[in-house]
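Protein sequence lines, in the order shown, are assigned to chains U and E.
To convert, count from 1 in the first sequence and add 11; that's our numbering.
To convert, count from 1 in the second sequence and add 1; that's our numbering.
Note that the Cβ used here is the ideal one computed from N, Cα and C, for glycine as well.
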Amino acid sequence: MDFKSCVHIRQEWDIVGARQLGRDKAKELGFGTVDQARIATAISELARNIYLYAGTGKICFETIEDLEHKGLEIIAKDEGPGIRDISQVMEDGYSTSGGLGAGLPGVKRLMDHFDIISTHGEGTEIRTSKWVR
Amino acid sequence: MRIPILKLHNYLLISIQIDLDDQTAIQFQEDLLSKIHKSGATGVVIDLTSVEIIDSFIAKVLGDVVTMSDLMGARVVLTGIQPAVAMTLIDLGIHLQDVPTALNLEQGLIKLRQEMED
Ligand SMILES: Nc1ncnc2c1ncn2[C@@H]1O[C@H](COP(=O)(O)OP(=O)(O)OP(=O)(O)O)[C@@H](O)[C@H]1O
Ligand SMILES: [Mg+2]
């Protein structure tokens with residue numbers, strides 16, 4: 012399972028598809044039930060953001076490995092409007108859509124590593140990963 | 002997809018058995034409010050035992066359902082939240098503080114009865 016696999020996000024239902032596939036992959040890698048739920052929730056947040064703010068995009072999964080551990084990296088990529096002020100969207104409660112504004116700061120807490128690259132007007136790429144404990 | 006809502010005396014009982022997509026969650030919100038209105042139910046138990054994920058959107062819908070039902074005069078209790086789901090909700094920073102919860106459906110019904118007495 013070290014090849015990269017992606018789910019395209021085009022319609023609302025794809026959010027469910029992406030998080031189900033992510034949970035399956037997490038299970039295969041040996042994550043426990045709580046971490047499986049954390050990973051599925053993080054994917055759901057990222058996929059919904061793509062659907063809501065960029066319209067379309069994709070969520071890709073990659074197995075990561077170092078000497079002692081295995082893990083899962085999730086890459087959420089879109090060519091939407093991008094994010095102007097990254098520190099602002101990482102604040103709990105900041106939302107431009109009347110949401111709870113819990114998504115991105117939540118993903119950061121659910122996962123072990125979190126990185127955003129976004130260019131205003133060009134799109135957003137979020138990479139986040141978690142190691143099997 | 003629609004989530005079935007059962008009526009038992011003055012109560013409405015719902016057991017969510019599927020992985021909730023956004024549209025189904027919104028539809029459920031509407032269905033429940035209109036059912037409260039039509040039936041005059043005074044209490045609602047939403048059982049989440051089979052729900053494996055609650056993300057920020059679903060948490061918002063559930064929180065809103067509780068507030069809206071309350072406004073209409075029906076108390077809502079959420080029951081059976083799985084340990085893994087409780088932990089991810091805390092990571093998301095969602096505390097559902099004003100939402101009555103109980104361990105299972107039976108406890109939920111007991112809680113409703115108590116709440117209505119005081
Ligand atoms: N892929 C994206 N492209 C453009 N803007 C985005 C993207 N993802 C998030 N944003 C912006 O960041 C804000 C914060 O996102 P976050 O997921 O934290 O909260 P939310 O989606 O508004 O609410 P919630 O996720 O709690 O339902 C969004 O309101 C939106 O303005
Ligand atoms: Mg979001």
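Inclusion of U/Leu63 in the 8 Å shell around ligand 2 follows from its C-beta lying nearer than that to a non-hydrogen atom of the ligand.
Here DSSP, grouped into helix, strand and coil, assigns U/Ala65 to helix. A distance criterion of 8 Å places the beta-carbon of E/Leu97 beyond contact range of ligand 1, judged by its closest non-hydrogen atom.
When DSSP states are grouped into helix, strand and coil, U/Arg95 belongs to the coil group. If you ignore the 5 residues before and after E/Ile95, its C-beta comes within less than 6 Å of the C-beta of Ala60, all in its own chain and listed in chain order.
For E/Ser51, the secondary structure class from DSSP, reduced to helix, strand or coil, is coil. In the DSSP annotation of this structure, the continuous segment of the alpha helix (DSSP H) that includes E/Thr68 starts and ends at Ser57 to Met73. Put simply, the backbone Cα of E/Pro84 is about 20 Å away from that of U/Lys119.
DSSP places U/Phe125 inside the beta strand (DSSP E), whose first and last residues are His124 to Thr130.
Shortest gap from the CB of U/Thr67 to any heavy atom of ligand 1: 8 Å or more.
In summary, the residues of the region 94–121 of chain U whose CB is separated from some CB of chain E by less than 7 Å are Asp103, Gly110, Leu111, Ala113, Gly114, Pro116, Gly117, Arg120 and Leu121, in the order they occur in the chain.
Nearest Cα to E/Asp56 within the set U/Ala48, U/Met122 and U/Leu63: U/Ala48. Assigned with DSSP and collapsed to three states, U/His19 falls in strand. Within 9 Å of the CB of U/Glu39, no CB atom of chain E is found; the nearest one sits about 16 Å away. For E/Ala87, the enclosing alpha helix (DSSP H) stretches over residues Pro84 to Asp92. Excluding its 5 nearest sequence neighbours in each direction, E/Thr25 has C-beta neighbours in its own chain below 6 Å: Met2, listed in chain order.
Across the set U/Arg144, U/Asp103 and U/Leu57, the C-alpha of U/Leu57 shows the shortest separation from the C-alpha of U/Thr67. In this model, E/Val46 and U/Gly104 are separated by some 28 Å (Cα to Cα). In the DSSP assignment, U/Thr139 falls within the unbroken beta strand (DSSP E) covering Gly134 to Trp142. Ordered along the chain, residues surrounding ligand 2 are U/Asn60 and U/Gly114 [Cβ under 5 Å from any heavy atom]. Put simply, the region 5–20 of chain E does not touch the region 92–102 of chain U. Fewer than three CB pairs are less than 8 Å apart.
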